[in-house]
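Colleague:
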Amino acid sequence: MKTIKFRAKTKNGEWIYNLAPLVPNSAFDITDFDTDTLTQFTGLHDCHGAEIYEGDFLKVNLSGGYKMRLVCYNEDIMGFCLAHMEDWYDPFLYNRYQASVSWWERFKDDIEVIGNRYDNPEVFDQYAQKSRV
Numbered sequence: 001m002k003t004i005k006f007r008a009k010t011k012n013g014e015w016i017y018n019l020a021p022l023v024p025n026s027a028f029d030i031t032d033f034d035t036d037t038l039t040q041f042t043g044l045h046d047c048h049g050a051e052i053y054e055g056d057f058l059k060v061n062l063s064g065g066y067k068m069r070l071v072c073y074n075e076d077i078m079g080f081c082l083a084h085m086e087d088w089y090d091p092f093l094y095n096r097y098q099a100s101v102s103w104w105e106r107f108k109d110d111i112e113v114i115g116n117r118y119d120n121p122e123v124f125d126q127y128a129q130k131s132r133v
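The opening position of the sequence shown corresponds to residue 1 in the numbering used here, with each subsequent residue numbered one higher.
#1: What whole-angstrom Cβ distance do E51 and Q40 have, given they're in contact under 8 angstroms?
#2: Taking C-beta to C-beta, are I4 and D46 nearer than 9 angstroms?
#3: Assuming contact is defined by CB atoms lying nearer than 9 angstroms, are D56 and V113 in contact in what I supplied?
#4: Report the three-state DSSP secondary structure of K2 (helix, strand or coil).
#5: Please look up how many angstroms separate the CB atoms of K9 and Y118, rounded, as I've assumed it's under 8 angstroms.
#6: Identify every run of the beta strand (DSSP E) within the stretch 25 to 75, keeping only runs that are complete inside it and at least 3 residues long; order them along the chain.
#7: Compute the distance between the beta-carbons of N18 and F6, then report whether it is under 9 angstroms.
#8: Is F107 buried or exposed, if buried means 16 or more other CB atoms sit within 10 Å of its CB?
#9: So, for G115: in the same chain, excluding its five sequence neighbours on each side, which residues have a beta-carbon less than 7 angstroms away from its beta-carbon?
#10: How should T35 be labelled, buried or exposed, when 16 other C-beta atoms within 10 angstroms of its C-beta is the threshold for buried?
#11: Would you report the Cα separation of L44 and G13, rounded to the nearest angstrom?
#12: From what residue to what residue does the beta strand (DSSP E) around Y17 run?
#13: Does the separation of the CB atoms of K67 and H84 fall below 9 angstroms?
#14: Please tell me whether F80 and T42 are closer than 9 angstroms, where the distance is taken between their beta carbons.
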């Protein structure tokens, strides 16, 4: 059975985990955290055992070289995918996704969480600048 859980940043910038934001009378009120940072656990772990959430930056070993990917939810396939960060701001390439969850499991020893778009926006911006040049 898949574990369904979420994380989000509080108003003071600390991460909270395992929250049920839309359940009435839950431990946290929806106003207790920044709703823009609300992300879901994919059910997967990286090579070090770290949980992988939507919005995480992953270092992935592809064809002998490491590439940076962003974990995204793709509504077309109703699942999590790896987005090419270089294409994030290009409207024609934005939907170019790689790797459904089943693919991740085959390469779990070569996937590492190295940050996320909320704690490390400079990483995201760096790739965005490359795509605009």
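Glycine included, each C-beta is placed from N, C-alpha and C at the ideal position.
Quick caveat, the model's predicted, so the values are computed rather than measured.
Modeller: Walking through what the data contain:
#1: Actually they are not in contact, since the Cβ atoms of E51 and Q40 sit about 11 angstroms apart, beyond 8 angstroms.
#2: no
#3: yes
#4: coil
#5: 6 angstroms
#6: 33 to 45, 51 to 53, 56 to 62, 65 to 74
#7: yes
#8: exposed
#9: F57, V123
#10: exposed
#11: 24 angstroms
#12: 15 to 17
#13: yes
#14: yes
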